[in-house]
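Note that numbering that gives the first Met the number 0 numbers the sequence shown so that position 3 is 2, with each residue one more than the last. Input: a single structure, listed below in structure tokens.
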Amino acid sequence: MGNKPLKGIKIIDFTHVQAGPACTQMLAWFGADVIKVERPGSGDVTRRQLRDIPDVDALYFTMLNSNKRSLTLDTKQPEGKAVLEKMIKESDVMVENFGPGALDRMGFTWERIQEINPRMILASVKGFSEGHEYEDLKTYENVAQCAGGAASTTGWWKGEQSGPLVSSAALGDTNTGMHLAIGILTAYIGRQQTGKGQKVAVAMQDAVLNLCRVKMRDQLRLDKMGYLEEYPQYPHESFSDVVPRGGNAGGGGQPGWILKCKGWETDGNAYIYFTVQDLAWTPICDAIGKPEWKTDPAYTTPKARQPHIMDIFGTIEEWLKDKTKFEAVDILRKFDIPCSPVFSMKELLHDKSLRASGSIVEVPHKERGSYWTVGSPIKFSDLKPEITASPLLGEHTDEVLAELGYSKDKIAALHTAKAV
Ligand code: COA
0 MGNKPLKGIK
10 IIDFTHVQAG
20 PACTQMLAWF
30 GADVIKVERP
40 GSGDVTRRQL
50 RDIPDVDALY
60 FTMLNSNKRS
70 LTLDTKQPEG
80 KAVLEKMIKE
90 SDVMVENFGP
100 GALDRMGFTW
110 ERIQEINPRM
120 ILASVKGFSE
130 GHEYEDLKTY
140 ENVAQCAGGA
150 ASTTGWWKGE
160 QSGPLVSSAA
170 LGDTNTGMHL
180 AIGILTAYIG
190 RQQTGKGQKV
200 AVAMQDAVLN
210 LCRVKMRDQL
220 RLDKMGYLEE
230 YPQYPHESFS
240 DVVPRGGNAG
250 GGGQPGWILK
260 CKGWETDGNA
270 YIYFTVQDLA
280 WTPICDAIGK
290 PEWKTDPAYT
300 TPKARQPHIM
310 DIFGTIEEWL
320 KDKTKFEAVD
330 ILRKFDIPCS
340 PVFSMKELLH
350 DKSLRASGSI
360 VEVPHKERGS
370 YWTVGSPIKF
380 SDLKPEITAS
390 PLLGEHTDEV
400 LAELGYSKDK
410 IAALHTAKAV
């Protein structure tokens, strides 16, 4: 398991749903003591959302809250507020992703938090940044994908399905949480230099936009040139003044597309992604049995290929007809061609390599027996995060209160007052 670099960092995890929990879960994996603060009786709404087993915490919750402890606390009651104040005094970081203004309404403004503990780092996720004209909006994943540029640049540009499209990847939620984790660690290192905490905020719109910067690059190029040569619209269709949706186009300097393999008629994932890397043109011709393309001037440069790139993909698809996606990749990898099968979630869940590397892990759980989850995508030479179960609601309430110095009687009184 090795060293746990974040050991000793105390985090009040005042987060819910996905964006905040993804952030604090990662910090917990790396050793931080993360205490999830939840409303008594109900807790994080994802405990109950999309349940697969009656009365047991849903996978939505278990997969975003491993390695944490759970404390129930009603922070709208004076007794609950007093407990939170004590926690703020003794912790390093508080992470929250409530709707705009909720923390202030609870009485914990940034000014108040600094009064209680000037070393505190307050980390927040909101839909839009402070001062933004939409700063008052509550936000969920797909709202952020629309606000941050992902939806307008994803999908098809013509045909019945040509409207904006959201991705199934959590660009708004988990991605924002990952940005926030970087912000928290930066503020923590900053505090080692200054002795002072600070407020760290990431807006979901900004985090999505950060991932869409190549599309902003394309807008700037379009403004200047009026066309984008790597898009499927070039050169036979016209461009408007906004970046179009490009289907499965490569998006960078190398054309690419999703191509059908053997069995696509019945298997919705019998496809590969194929990249026509300029450097690999000669090997591509060898791999797909088109040696004549190596010297034909209509094929030898990216510029010559682009006007008929979709025909080239069509020819490669012909070659793929009698090969499964795995057979195709096994051939193409020998020629150093960047490609991958389109993996289904089922294939990923059972993938031996992912299980061996800890990217997919099985975690024992008190009530559901065990569950499979996605482990750390970050690998270290001296840390192999051990993923432990998500906590039951309030599982650690008494333990945390005792650590804060509350006596048994006081803890019982807090229970009676329904503050915890
Ligand atoms: N004790 C007492 N009250 C609590 C509490 C506790 N332990 N935890 C939360 N609450 C209260 C809040 O104070 C708030 O009260 P108020 O609105 O009366 O002041 C209330 O619960 C609701 O909080 P809110 O965050 O607004 O929940 P919601 O279910 O209405 O909205 C979101 C959910 C996700 C839309 C909203 O939290 C949001 O926009 N968050 C920021 C963006 C974000 O992270 N979105 C992605 C989620 S994956």
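Glycine included, every Cβ here is placed at the ideal spot set by N, Cα and C.
Boundaries (first-last residue) of the beta strand (DSSP E) holding residue i
i	result
Pro340	338 to 340
Ile359	359 to 364
Tyr370	368 to 373
Leu258	255 to 259
Asp12	9 to 13
Rounded separation between residue i and residue j - CA only
i	j	result
Thr151	Asp408	Correcting the residue type first, residue 151 is Ser in the shown sequence and not Thr. If you take the alpha carbons of Ser151 and Asp408, they lie about 58 Å apart.
Leu227	Gly100	42 Å
Leu379	Ala27	Looking at the sequence itself, residue 379 is Phe, so the reference to Leu does not match. For Phe379 and Ala27, the distance between alpha carbons rounds to 15 Å.
Ser237	Ala202	35 Å
Val92	Tyr187	8 Å
Glu398	Val36	13 Å
Gln253	Trp280	11 Å
Gly423	Gln218	No information on residue 423 is available, as it lies outside the stretch 0 to 419 that the chain covers here.
Leu179	Leu49	26 Å
Lys85	Ile257	55 Å
Phe312	Lys289	13 Å
Arg190	Met119	9 Å
Thr173	Ala18	5 Å
Pro376	Ser358	6 Å
Lys67	His364	13 Å
Lys9	Pro20	15 Å
Pro390	Lys333	47 Å
Gly420	Val213	In this structure the chain extends from 0 to 419, so residue 420 is not present and cannot be described.
Asp295	Phe127	52 Å
Tyr370	Val362	5 Å
Asp43	Gly98	14 Å
Pro337	Phe29	32 Å
Asn64	Ile183	18 Å
Asp222	Tyr233	16 Å
His307	Asp329	27 Å
Glu402	Leu70	12 Å
Leu392	Lys125	25 Å
Cys145	Val341	25 Å
Lys88	Leu208	35 Å
Asp285	Gly374	39 Å
Glu326	His131	51 Å
Trp109	Gly154	41 Å
Asp335	Ala143	37 Å
Beta-ladder partner(s) of residue i, from DSSP
i	result
Ser123	Glu95, Ala200
Ser69	Lys35
Burial state of residue i, where buried means 16 or more other Cβ atoms lie within 10 Å
i	result
Arg104	exposed
Arg244	buried
Gly196	buried
Val241	exposed
Ser90	buried
Phe13	buried
Asn96	buried
Leu331	buried
Met25	buried
His15	buried
Ile283	buried
Gly147	buried
Ala168	exposed
Lys75	exposed
Gln204	buried
Minimum Cβ-Cβ distance from residue i to chain D less than 8 Å
i	result
Ile10	The structure shown contains no chain D; it holds only a single protein chain.
Run of the alpha helix (DSSP H) containing residue i, from where it starts to where it stops
i	result
Asn174	173 to 193
Pro77	77 to 89
Asp408	407 to 415
Thr21	The sequence given here places Ala at residue 21; Thr does not occur at that position. Run containing Ala21: 18 to 28, per the alpha helix (DSSP H) assignment.
Arg111	109 to 115
Asp103	101 to 104
Asn64	Unbroken run through Asn64: none, as it is neither H nor E.
Gln160	That residue, Gln160, is in no alpha helix (DSSP H); it is neither H nor E in DSSP.
Lys55	A quick correction: the sequence has Val, not Lys, at residue 55. Note, Val55: premise wrong, no alpha helix (DSSP H); not H, not E.
Glu398	396 to 402
Every unbroken beta strand (DSSP E) inside the stretch 203 to 281 [3 residues or more]: Taking only runs of at least 3 residues, the beta strand (DSSP E) segments lying wholly in the stretch 203 to 281 are 255 to 259, 270 to 274.
Ordered list of beta strand (DSSP E) runs contained in the stretch 292 to 352, each at least 3 residues: 338 to 340
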